[in-house]
Structures are given as structure tokens and as C-alpha cells.
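Read the structure below first, then the notes.
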Amino acid sequence: MSVADLVRYPNGAPRGPESEARTWAAPRRAARGQQLLVWLCATVLVALLLAAVAAPALAPHDPLAINLSQSLASPSRAHLLGTDHLGRDLLSRLLYAARGSLGAALATVLISSATGLLVGTVAGYFGGWVDEISMRLVDILLALPSFVLALVLAGILGPGLANVVLAMVLVRWASPARVARSLVLALREQDFVTAARAMGASDARIMARHLLPNVLGPMVVLATLSLGNTILALAGLSFVGLGMQIPHPEWGAMLNQARPFIQTAPRLMIVPGVAIALSVFSANVLGDAWRDRLDPRHTGSQM
Amino acid sequence: MRRYILSRLATLLPVLLGLSLITFGLIALVPGDPAEVLARRGREVEPSPQQIEAVRRELGLDQPVAIQYLRWLGGAVRGDLGDSLDTGQPVWDEIMARLPATLELALAGLTVGVLIAVPIGVLAAVWQGSWLDQISRALALLGAAIPSFWLGAMLILLFAVKLQWLPAMGRGSPQQILLPALALGIGTSAAVMRLTRASLLETLSEDYVRTARAKGLRERTVVLIHALKPALLPVITILGLQLGNLLGGALVIETIFAWPGLGQFIIRSILNRDITVIQGFTLTMGLVFVVTNTLVDLVYGWLDPRIAARATAPGGKP
Chain Z
831 MSVADLVRYP NGAPRGPESE ARTWAAPRRA ARGQQLLVWL CATVLVALLL
881 AAVAAPALAP HDPLAINLSQ SLASPSRAHL LGTDHLGRDL LSRLLYAARG
931 SLGAALATVL ISSATGLLVG TVAGYFGGWV DEISMRLVDI LLALPSFVLA
981 LVLAGILGPG LANVVLAMVL VRWASPARVA RSLVLALREQ DFVTAARAMG
1031 ASDARIMARH LLPNVLGPMV VLATLSLGNT ILALAGLSFV GLGMQIPHPE
1081 WGAMLNQARP FIQTAPRLMI VPGVAIALSV FSANVLGDAW RDRLDPRHTG
1131 SQM
Chain S
18 MRRYILSRLA TLLPVLLGLS LITFGLIALV PGDPAEVLAR RGREVEPSPQ
68 QIEAVRRELG LDQPVAIQYL RWLGGAVRGD LGDSLDTGQP VWDEIMARLP
118 ATLELALAGL TVGVLIAVPI GVLAAVWQGS WLDQISRALA LLGAAIPSFW
168 LGAMLILLFA VKLQWLPAMG RGSPQQILLP ALALGIGTSA AVMRLTRASL
218 LETLSEDYVR TARAKGLRER TVVLIHALKP ALLPVITILG LQLGNLLGGA
268 LVIETIFAWP GLGQFIIRSI LNRDITVIQG FTLTMGLVFV VTNTLVDLVY
318 GWLDPRIAAR ATAPGGKP
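Taken in sequence, the protein lines are chains Z and S. For the first sequence, the numbering used here assigns the number 831 to the initial residue and increments by one for each residue that follows. For the second sequence, the numbering used here assigns the number 18 to the initial residue and increments by one for each residue that follows.
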């Protein structure tokens, strides 16, 4: 299995005779359109992240300021996207919500990737019972429905964004761990590792200085690929009432609060959903593009 | 083949054991002393230490963990998942009363997903690089990016509120399942569509397809009979794995469409920390998913004997 295959199929390649077409080149026009799409998505994602960071400067109103006389106001110059049922400015809430939604997703991806990287590297390097135990755990986690598991864990840990992130990490470290382990298994036997060992490098040093840098690239791609799904899962958990608690805005939670007003003010439901879809779309396109660059044989995308 | 079945079933055991351990271990994640948390439920005043101890004894929380686990497992194997802390009803009954509706919705979503994905995936492969191929890629990207519960709300807005063609809520008539199944199915179709396309492109370049063409068979026969059948094999595996997403998606979507499945019930139980219900639910969902995927693997090995042969060959990976 090549590195790119590992990234593509972290849970093992689909069984079957050479299950993927890999020898086709998109027409040049389509390739150029693709390039454009990738740049567009990169811009959108950066813009969303900047908007999240700069929310206090960009937001025209206090996202928590209630003004019942302005309840469910239509878009106007004062409120570009209108207001919600409590008269709070929708645009301001949307901007602040990006912090929770994107921040939690990034935190989830970072922490679960780092955990997976650590576990996988140690398991792959040392082998033996460390490997056996951690990989059995990985097998079990990968064999169970991850959203259901995250839902249950988040529920038990209790509402709150940090608990939801923790629940997601508990479920999601398994896949990067398996990839990191496979990569390390391949690297472990390479000459430069043997050389380092012969020069008296400690295990910790070999892992940190020789293995990690070589594993990092594919792991970053894998993390990017999982960002979209993470945003979606987090939105789902917030939507059912876990995650960010009222009155603080978060995209999934905003959708939940908008439900009673779907007939009277559908924009309350439409706007946060578009924000979610836009960020997931952009993250997925970027992840695909990055993976394709890792292995130019894959011109096309799976998704 | 028998060896394949046995080896596949053998991998099932550690997973089921792990599932039971995770499920049982959930109670350890309840913040604070579980007995105290549980004793506080439904009481207006602070529970006395005696009341807390009574709860602890009643639930067997004073026993060693291993004993607790074995006792719980023994009950679970016999279908005794304890009583709901909220309603006092047996958890098994509560779950079984609602599970069929959730499975029905998940399967309907799967069906819709396949009905959308396979035809488009086939056309995208046959006319590779055409505008239709490009559109299918765009659709797949969009389908994978849109939260299914939000799509559900948008479908309600369009078909139930604005056009008033379809009912927005409830279960019973075929019209009522259409919108939630569509909301679930579109997300599923994204992954299935691209895999169908990639898989068919692959088989279309096989020698036996060239042979079929050389015999002068019609292109339609070549694609649909010779190439598509083997191309759909990997798709079957994906369908099993998609079931996890479908079940999770169904739980959330049910709350939007007032679908009387496990969704609203389990979310209420989760927010209420009804730990016995949560445990029973986790076990049931895990079982459904694990057993389905084992069955998918077995069917796969039966449809393509090469898989079974490779899996049981010396040095082969199951």
C-alpha cells in the first residue's frame, strides 16, 4: 500500500480486484476548472477563518444583545441579514458562531490527529504488546458507528463545546493512529533509522527526529480530509442540543433555535446551513486537492 | 468458503467484547459519583447519604467493577438492559418499540441514495469527462457538504410549506417517508456515486470487457451486464459502512420530521443522562452496525470467491 493509498483508505483499502480506476486524465479544460475551484475554496475557507478570528471587529452588533421590539426583523441596512426571534442581529451571530463551529472542528481534528500520531508512532515503532493493545482498540473503534458513539459520549460528558470536542476526539483518534502506525512500520526498517540507531540515538530521539517528520505530511493531508466531516458531525451534535450552550451562537445550535420559525422566518434556518455547507465543501475540495498532489497518479477525486 | 465465514465470525468476537466494555464503561464517564447523580434525579431536595447508598446498592455500584460488568453483560445477553431511569420501563422494550421506525428510515435513505447514485455514477463513467461527469462530481461534492438535517429542513420548506405537495411530519404513508428518506439519501449518494463511477471505469478497462466488445455485443449490454455487475461489488462494502452514517443521520433527522423512531427518545434520554437507556441504545446501535457489516462481508465473499480465497490463504489478510 502506498502512502497515498493509506491516506485515501485509512481503514484499509476496499476489498476487491484493484478497486479503483487510477489511470485517467481529466480533459485539460476540466483540470483548469478544477484549479480554479481549489483556489476559490481555499479563499472561502481562509475568509471564513478570518471572519471567525475578527468577529468582534466585523460584527455590526453585539451577538447576544436582545431587542424584543426588533424580533424577527427582515434584512435592513441596520441588520443586513435581519434579526432572530429575540431581535439579535443574525449577521453578528453568524460571525461569532464561526468561532465556535470552526474552532471546535479545528481543535477536534488537531487533537485527534496528534493523539493518533502519537499512539500510532509508538505502536508501530515498539510493536509488541503496546502495538497489540492499541491496535485492537483502534479496530474496535473503527468497527462501531462513530457519530452514534460521539453522540452518546458527548451526552454523558454533558453539554458544552469542550465536552463535545472531547467526545469527538475519543472516537476519531483511531483512524489517524492506524495510518501513522502503517507509515512507521514501513519507515522503521529503512537505512536511516538503522544508521541513527547505530549512532546511539535513543528511541525517543529516533521517533521525534527521524520518524515524525516523515509521517507528518500524510497526516496533515488526512487531517484536512477529515475536517469537513468533523464540521458536519459537530453541527449535528450541536443541533440536537449538545455543544455550545445558549445564548452563545454556534451554527448547529442556531439551526436548532431557528426550527420553530421555519415558516415565518426561513432565513434563520437557511443562513447558518449555508455557512456550514460552504465550509465543509471548501474543506473537502482542499483535502482532495492536497491528496492528489501527494500522489499525482490520482487525478480524479473520490468524492 | 466455510473457513472464510469462520474467520470472519472470529473477528466479530473481540469487536463485540469491546462494544460491551465501552458500553458498560459509559457509566464511569458520568461526571461525579454516579450513585449520587442518579439519586438526585427526580428529587426536589438533596438526597441524604442513606438514599445515595440505597441507590448504590440497588444498582450494584458497591460491587467490584468486574462483578458489575459480568452482571450487566449477563443481563444484556438475555435482553435485560435494566429499566429506564426516567420512565421506569424496561430499556429493551423502549428501544424495540422505536428501533423499527429508525431502521425503516435508514433503509429508505439507503435505497434513495442507491437509486440516485448508481444511475448517475454509471452515466458519469460511460461519458467520462463529459458535462454530465462534471455535474456528477459537483453533485457529489455538494451532497457530501450539506448536513442532512438541514437538507431535511430545506425540503420541508420547499415541498411542504411552499408547494404543499408532501406532508412534513409523521410516519405511516409512503408520502411521509419520502422527504426524510431524500434528505438522508442525498448525502449517502455522494459517496456511492463516485465509487460506482471509479469502480465501473476500472472494470470497463478489463480484458473481458474488451472481449465482450470484440464479440460485437451492443455497448449497453457490455456496460450493464459485463462491466457493471463486478463494478458494484466494492459498492456493496461501502453501503455497509454508510449504514453507520445513515443511522446517525436518521437519529437527527427524526427530530425534524417528527419521525417516531429512536431519535427524539434517545436525544431526550441523553440530555437527561438516562444512563441505562444510553447504554442499551449504544449496545443496540453497535450491534446493528457490526452485524450488518459482517453480513455484508460474508455476502461479498460469496459474490466474489476470490475475496474469500485471499482472506483464508496463508499470509492473507481477512
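C-beta atoms are modelled at their ideal positions from N, C-alpha and C, and glycine is treated no differently.
Own chain partners of residue i with C-beta closer than 6 Å, once the 5 adjacent residues on each side are dropped
i, result
"I69/S", "A52, E53 and A56"
"A1007/Z", "G946, V949, G950 and V968"
"I941/Z", "V999"
"G1117/Z", "T1054 and L1055"
"L288/S", "none"
"S1131/Z", "Because the pLDDT of S1131/Z is 42, which lies under 50, any placement of that residue in the model is unreliable, and the number read from its coordinates should be weighed accordingly. Closer than 6 Å at Cβ, skipping near neighbours: D1118."
"S1112/Z", "C871, V874 and L875"
"S137/S", "This sequence places Ile at residue 137/S; Ser is not what is there. These residues qualify, in order along the chain: S153 and M210."
"T119/S", "A267, G278 and L279"
Selection from the options that minimises the alpha carbon distance to residue i
i, options, result
"V252/S", "V307/S, P277/S, P66/S and T220/S", "T220/S"
"A170/S", "S24/S, I273/S and Q193/S", "I273/S"
"T301/S", "A267/S, V108/S and G138/S", "V108/S"
"L217/S", "R285/S, L199/S, L256/S and V240/S", "V240/S"
"V916/Z", "A903/Z, G1030/Z, A1034/Z and L925/Z", "Residue identity differs from the one stated: residue 916/Z is Leu in this sequence, not Val. Among A903/Z, G1030/Z, A1034/Z and L925/Z, the Cα nearest to that of L916/Z belongs to A903/Z."
"A1004/Z", "G1058/Z, R966/Z and N1114/Z", "R966/Z"
"L122/S", "G266/S, V131/S, P48/S and A134/S", "G266/S"
"L1108/Z", "A861/Z, L878/Z, L866/Z and G863/Z", "L878/Z"
"L175/S", "Q865/Z, T913/Z, M1099/Z and F1111/Z", "M1099/Z"
"A134/S", "D150/S, G146/S and T119/S", "D150/S"
"L972/Z", "N310/S, A326/S, S165/S and I173/S", "N310/S"
"R154/S", "A1083/Z, A861/Z, P1096/Z and P1079/Z", "A861/Z"
"L1041/Z", "Q1087/Z, G958/Z, R1018/Z and T938/Z", "R1018/Z"
"D1122/Z", "T938/Z, L1052/Z and A882/Z", "L1052/Z"
"A208/S", "R19/S, T299/S and V131/S", "V131/S"
"L979/Z", "W276/S, T40/S, M18/S and R327/S", "T40/S"
"Q259/S", "L36/S, A125/S and E63/S", "A125/S"
"E829/Z", "P1043/Z, D961/Z, N1059/Z and I1106/Z", "Since the displayed chain Z opens at 831 and closes at 1133, residue 829/Z lies outside it and no answer follows."
"D100/S", "L116/S, Q296/S and G204/S", "Q296/S"
"V1014/Z", "G1030/Z, A953/Z and A1034/Z", "A953/Z"
"L983/Z", "F298/S, W319/S and M18/S", "F298/S"
"I324/S", "P247/S, L304/S and A275/S", "P247/S"
Nonlocal neighbours in the same chain, by C-beta distance under 7 Å from residue i, ignoring five residues either side
i, result
"G985/Z", "L1072"
"T853/Z", "Low local confidence applies: a pLDDT of 37 at T853/Z is under 50, so the model's placement there is unreliable, and no value is given."
"V32/S", "V307"
"M1084/Z", "R923, A927 and P1102"
"A895/Z", "R918"
"M1037/Z", "T951 and Y955"
"L1138/Z", "Lying before the first or after the last residue shown, residue 1138/Z is absent from chain Z, which here runs from 831 to 1133."
"Q145/S", "L218"
Residues of its chain near residue i, where Cβ-Cβ distance is below 8 Å and the 5 sequence neighbours each way are ignored
i, result
"T254/S", "V313, D314 and Y317"
"G77/S", "I84, Q85 and R88"
"R1097/Z", "P905, L911, G912 and L920"
Proximal residues of chain Z, C-beta to C-beta of residue i below 8 Å
i, result
"M302/S", "P975 and V978"
"P48/S", "L987 and G988"
"W202/S", "Reading off the sequence shown, one finds Gly at residue 202/S, where the question assumed Trp. Per Cβ cutoff of 8 Å: no residues; G202/S is ~16 Å from chain Z at best."
"V307/S", "A973 and L974"
"L11/S", "Given that chain S is displayed from residue 18 to residue 335, the structure contains no residue 11/S and the question cannot be resolved."
"T299/S", "V978, L979 and V982"
Contact set between residue i and chain Z, taken where Cβ atoms lie within less than 9 Å
i, result
"R290/S", "G985, I986 and G988"
"V178/S", "I1092, Q1093 and P1096"
"G278/S", "Those do not exist, as G278/S stays about 13 Å from chain Z at its closest Cβ, beyond 9 Å."
"L174/S", "I1092, Q1093, P1096, M1099 and I1100"
"I295/S", "V982, G985 and I986"
Residue i: contacting residues in chain S (beta-carbon distance under 9 Å)
i, result
"I1106/Z", "A162, I163, P164 and W167"
"Q1020/Z", "Going along chain S, no residue has its Cβ under 9 Å from Q1020/Z, so there is no contact; the nearest lies around 23 Å."
"L1085/Z", "P164, F166, W167 and A170"
"V1110/Z", "A161, A162, I163 and P164"
Contacts of residue i in chain S (Cβ-Cβ under 8 Å)
i, result
"G1117/Z", "Those do not exist, as G1117/Z stays about 11 Å from chain S at its closest Cβ, beyond 8 Å."
"N1114/Z", "L158, A161 and A162"
>> What ranges does the alpha helix (DSSP H) occupy inside the stretch 38-123 of chain S, keeping only unbroken runs of at least 4 residues that lie completely in it?
In response: Within the stretch 38-123 of chain S, the runs of alpha helix (DSSP H) that reach at least 4 residues and sit entirely inside it are, in chain order, 51-57, 66-75 and 82-94.
> Which runs of the alpha helix (DSSP H) spanning at least 4 residues fall entirely within the stretch 139-169 of chain S, listed in chain order?
Replying inline: Taking only runs of at least 4 residues, the alpha helix (DSSP H) segments lying wholly in the stretch 139-169 of chain S are 148-162.
> In the stretch 953-972 of chain Z, which residues sit with their C-beta less than 9 Å from some C-beta in chain S, listed in chain order?
Replying inline: Answer in chain order: R966, L967, D969, I970 and L971.
>> Along the stretch 917-946 of chain Z, where does the CB come closer than 9 Å to a CB of chain S? Name the residues.
In response: Flagged: no residues at all.
> Any residues in the stretch 32-47 of chain S with a beta carbon nearer than 7 Å to a beta carbon of chain Z? Which ones, in chain order?
Replying inline: Listed in chain order, the positions of the stretch 32-47 of chain S with a beta carbon within less than 7 Å of a beta carbon of chain Z are V32, G35, L36, L43, L46 and V47.
> Just by C-beta distance, which residues in the stretch 1055-1078 of chain Z are closer than 7 Å to chain S?
Replying inline: For the stretch 1055-1078 of chain Z, which is checked against every Cβ of chain S, the residues closer than 7 Å are G1058, L1062, A1065, G1066, F1069, V1070 and G1071.
> Using Cβ-Cβ distances below 9 Å, what residues of the stretch 885-912 of chain Z are close to chain S?
Replying inline: Against chain S - using a Cβ distance shorter than 9 Å - the stretch 885-912 of chain Z contributes no residues.
> Counting only runs that start and end within the stretch 178-257 of chain S, where is the beta strand (DSSP E) found for 3 or more residues in a row?
Replying inline: Counting whole runs of 3 or more residues, the stretch 178-257 of chain S contains no beta strand (DSSP E) stretch at all.
>> Under 8 Å, CB to CB, which of the residues in the stretch 88-108 of chain S have a partner in chain Z?
In response: Against chain Z - using a Cβ distance shorter than 8 Å - the stretch 88-108 of chain S contributes no residues.
> Of all the residues that make up the stretch 263-274 of chain S, which are near chain Z by a beta-carbon distance shorter than 8 Å?
Replying inline: Against chain Z - using a Cβ distance shorter than 8 Å - the residues of the stretch 263-274 of chain S are L264, G265, G266, L268, V269, T272 and I273.
>> Beta carbons nearer than 9 Å to chain Z: which residues of the stretch 125-138 of chain S have them?
In response: Going along the stretch 125-138 of chain S in chain order, one finds no residue with a Cβ nearer than 9 Å to chain Z.
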